[in-house]
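Residue numbers (my numbering): 518 to 854.
What follows is a short report on a single structure.
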Ligand SMILES: NC(=O)c1ccc[n+]([C@@H]2O[C@H](COP(=O)([O-])OP(=O)(O)OC[C@H]3O[C@@H](n4cnc5c(N)ncnc54)[C@H](O)[C@@H]3O)[C@@H](O)[C@H]2O)c1
């Protein structure tokens, strides 16, 4: 396989690059290294050896995208502006990177011969606040009242926040390029992914951010009541899902999948702080502030379609994943000073 990973020096991209390089595939990364910590991720990937190529460039540039897509048979399109908060501050930048950048990659793919498959990393934010879904408090955690298997792909789209709009628009473009241009494409609507090389910050990547703050003896602010629930997925499980979706492309092409830890892997913010305190023996002081725009009180993915179509399910328990991520953060404290 010859693979292009846009945003490949980022958290998920660098884990995906590692997986394919270790397997002996040819990997090309396109990244502008705008995210904090990406040079360190890139150095790590370069250190793995193998058939690796790095293009430092921007997905907003059409010619750069044409060059990057040239000769590849698979594209994992991850490069993005990734934070809801940043999108509210600068919606034009968010639009240009997430929507224009995605159309640039799609166009480059459409003009390539043969046309590569493209897998796009969308988000649960495309479903909006989901106010119409009934929820209730149970043991200090918000839960869906009537969705025991989580939120399915059939839930109506309701883009909320500039980030929701740009990612959701891109999600629909990727989906439609399969119908209109016959491009093999597949969309993953992902919930909360965590793991090594995640440079979590207050705006994005909360699991890593909480662990970094605890490790560095700092505090966190909880926006909302802390009882909000997320399903969490360890990055190695996600990487297996990407590869399985690619291998089963005759089934997955043109489809959309909710990908996350599912109902068996959920945690509230307050439960996570308890875990850090009790299991890792680290204090994490916290205070409360108002909910942020578009925050969902509950988000849990229904992952059964992915199970049916490409025989995938998560394997990491949150306890194992959290421990492994903390071990990585502990060994890389210098990145977070
Ligand atoms: N981490 C999650 O929980 C999560 C959840 C849902 C969706 N996603 C999506 O998955 C993808 C990867 O997320 P991540 O967590 O690895 O984030 P990340 O910030 O670590 O990775 C994104 C990468 O894109 C690069 N980038 C940003 N703007 C660019 C541009 N204009 N041109 C080229 N490269 C650019 C950054 O330098 C970075 O390396 C994103 O598309 C994100 O929206 C992530």
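Ideal Cβ positions, reconstructed from N, Cα and C, are used throughout, including at glycine.
- Quick one, are the C-beta atoms of residue 586 and residue 622 less than 8 Å apart? Here residue 586 is taken as the residue at index 69 of the chain shown, counted from 1. Here residue 622 is taken as the residue at index 105 of the chain shown, counted from 1. Yes.
- Is residue 786 near ligand 1, going by C-beta to nearest heavy atom under 7 Å? In the chain shown, the residue the question calls residue 786 occupies position 269. Not under cutoff, so the answer is no.
- Message: As a quick exercise: from 531, 537 and 787, pick the residue whose alpha carbon is nearest that of residue 746.
- Response: What you label residue 746 is simply residue 229 of the chain shown in a count that begins at 1. Closest by alpha carbon: 787.
- Task: Within 10 angstroms of the Cβ of residue 606, are there 16 or more other Cβ atoms? Answer buried if so, exposed if not.
- Result: Taking the chain shown and counting its residues from 1, the one referred to as residue 606 is at position 89. Exposed: under 16 other Cβ atoms inside 10 Å.
- Cα-Cα separation, residue 543 to residue 519: By one-based count along the chain shown, residue 543 stands at place 26. By one-based count along the chain shown, residue 519 stands at place 2. So the alpha carbons of these two residues sit roughly 5 Å apart.
- Cβ neighbours of residue 690 in the same chain (closer than 8 Å, five flanking residues each side left out): In the chain shown, residue 690 corresponds to position 173, counting from 1. Cβ within range, chain order: 616, 619, 620 and 623.
- Pair within 8 Å by beta-carbon distance, residue 737 and residue 711: Here residue 737 corresponds to residue number 220 of the chain shown, with the count starting at 1. Here residue 711 corresponds to residue number 194 of the chain shown, with the count starting at 1. Against a cut-off of 8 Å, the Cβ pair of residue 711 and residue 737 comes out as no contact.
- Item | Contact between the stretch 719–735 and the stretch 841–853 (3+ Cβ pairs under 8 Å) | yes
- Own chain residues within Cβ distance below 6 Å of residue 739, not counting five before or after: What you label residue 739 is simply residue 222 of the chain shown in a count that begins at 1. Once the five neighbours on either side are set aside, the close Cβ partners of residue 739 are 786, 803 and 805.
- Message: Could you compute how far the alpha carbon of residue 547 sits from the alpha carbon of residue 717?
- Response: Position 30 of the chain shown holds residue 547. Position 200 of the chain shown holds residue 717. Rounded to whole angstroms, residue 547 to residue 717 spans 21 Å at the Cα level.
- How should residue 631 be labelled, buried or exposed, when 16 other C-beta atoms within 10 angstroms of its C-beta is the threshold for buried? Along the chain shown, read from residue 1 onward, the residue named residue 631 stands at position 114. Looking at its Cβ environment, which holds fewer than 16 other Cβ atoms inside 10 Å, residue 631 is exposed.
- Would you decide whether residue 560 is buried or exposed? Buried here means 16 or more other CB atoms lie within 10 Å of its CB. The residue labelled residue 560 in the question sits at position 43 within the chain shown. So residue 560 counts as exposed.
- Please list the segments of the alpha helix (DSSP H) lying wholly inside the stretch 658–720, counting only runs of 4 or more residues, in order along the chain. 678–698
- Query: In its own chain, which residues sit with a C-beta less than 7 Å from the C-beta of residue 662, not counting the 5 before and 5 after it?
  - Reply: The sequence position of residue 662 within the chain shown is 145, counting from 1. Taken in chain order, the residues that qualify are 651, 652 and 653.
- Message: Which residue wins for smallest C-alpha separation from residue 847, given the options 685, 601 and 725?
- Response: Taking the first residue of the chain shown as 1, we reach residue 847 at position 330. For residue 847, the nearest C-alpha among the options comes from 725.
- Message: Just to confirm before moving on: does the CB-CB distance between residue 688 and residue 704 stay below 8 Å?
- Response: Your numbering for residue 688 matches position 171 in the chain shown. Your numbering for residue 704 matches position 187 in the chain shown. Taking 8 Å as the Cβ cut-off, residue 688 and residue 704 qualify as a contacting pair.
- Query: Is the beta carbon of residue 811 less than 8 Å from the beta carbon of residue 684?
  - Reply: For the purposes of this step, residue 811 is taken as residue 294 along the chain shown, with counting starting at 1. For the purposes of this step, residue 684 is taken as residue 167 along the chain shown, with counting starting at 1. Against a cut-off of 8 Å, the Cβ pair of residue 684 and residue 811 comes out as no contact.
- Query: Taking 7 Å as the line, does the beta carbon of residue 528 fall inside it for any heavy atom of ligand 1?
  - Reply: Locating residue 528 in the chain shown gives position 11, counting from the first residue. Yes, ligand 1 has a heavy atom inside 7 Å of this Cβ.
- Consider the C-beta atom of residue 597 and the heavy atoms of ligand 1; say whether any pair is separated by less than 7 Å. Residue mapping note: residue 597 aligns to position 80 of the chain shown, counting from 1. For ligand 1, at least one heavy atom lies less than 7 Å from the Cβ of residue 597.
- Message: Can you tell me whether residue 629 is helix, strand or coil according to DSSP?
- Response: As a working mapping, residue 629 is identified with position 112 in the chain shown. Residue 629: coil per DSSP, three-state reduction.
- Task: Would you check whether ligand 3 has a heavy atom nearer than 7 Å to the C-beta of residue 818?
- Result: In terms of ligand content, the structure shown lacks ligand 3 and carries ligand 1 instead.
- Helix, strand or coil for residue 613 per DSSP? The residue given as residue 613 occupies position 96 in the chain shown. Three-state DSSP puts residue 613 in a helix.
- Message: Could you check whether residue 665 and residue 556 sit closer than 8 Å to each other, using their CB atoms as the reference points?
- Response: Counting from 1 along the chain shown, the entry for residue 556 is found at position 39. Counting from 1 along the chain shown, the entry for residue 665 is found at position 148. No, the pair does not count as a contact, with Cβ atoms beyond the cut-off.
- Task: Report the residue from 610, 627 and 595 whose alpha carbon sits nearest the alpha carbon of residue 583.
- Result: Your numbering for residue 583 matches position 66 in the chain shown. The shortest Cα separation from residue 583 among 610, 627 and 595 belongs to 627.
- Take the Cβ of residue 721 as the centre, count every other Cβ of all protein chains shown within 10 Å, and call the residue buried at 16 or more, exposed below. Residue 721 sits at position 204 when you count from the first residue of the chain shown. Answer is buried; the Cβ neighbour count reaches 16.
- Task: Work out the CA separation of residue 639 and residue 578 for me, nearest whole Å.
- Result: Position 61 of the chain shown, counted from the first residue, corresponds to residue 578. Position 122 of the chain shown, counted from the first residue, corresponds to residue 639. If I take the Cα positions, the gap works out to 21 Å.
- Tell me, please, which residues DSSP counts as bridged to residue 775. Numbered from 1 along the chain shown, position 258 holds the residue referred to as residue 775. Answer by DSSP bridge pairing, in chain order: 706.
- Three-state class that DSSP yields for residue 749 in the structure shown: Here the question's residue 749 lines up with position 232 in the chain shown. If DSSP states are grouped into helix, strand and coil, residue 749 belongs with the strands.
- Query: What whole-angstrom Cβ distance do residue 637 and residue 702 have, given they're in contact under 8 Å?
  - Reply: Residue 637 sits at position 120 when you count from the first residue of the chain shown. Residue 702 sits at position 185 when you count from the first residue of the chain shown. About 7 Å; that satisfies the 8 Å criterion.
- Is residue 839 closer than 8 Å to residue 792 when the C-beta atoms are compared? Here the question's residue 792 lines up with position 275 in the chain shown. Here the question's residue 839 lines up with position 322 in the chain shown. Taking 8 Å as the Cβ cut-off, residue 792 and residue 839 qualify as a contacting pair.
- Item | residue 616 Cβ short of 7 Å to ligand 1 heavy atom set | For the purposes of this step, residue 616 is identified with residue 99 of the chain shown, where counting begins at 1. No, since every heavy atom of ligand 1 falls outside the 7 Å radius drawn around the Cβ of residue 616.
- Which value, in whole angstroms, describes the spacing of the CA atoms of residue 813 and residue 593? On the chain shown, residue 813 is found 296 positions in, with the first residue counted as 1. On the chain shown, residue 593 is found 76 positions in, with the first residue counted as 1. Approximately 27 Å, taken between the alpha carbons.
- Contact set for residue 763: own chain, Cβ-Cβ below 7 Å, skip 5 residues either direction: Walking along the chain shown from the start, residue 763 turns up at place 246. 591, 634 and 636, listed in sequence order.
- Task: Thinking residue 668 and residue 644 are a contact (beta carbons under 8 Å), I'd like their distance in whole angstroms, please.
- Result: The residue labelled residue 668 in the question sits at position 151 within the chain shown. The residue labelled residue 644 in the question sits at position 127 within the chain shown. That pair is a contact at about 6 Å.
- Where residue 536 falls: helix, strand or coil (DSSP): The residue given as residue 536 occupies position 19 in the chain shown. Three-state result, residue 536: helix.
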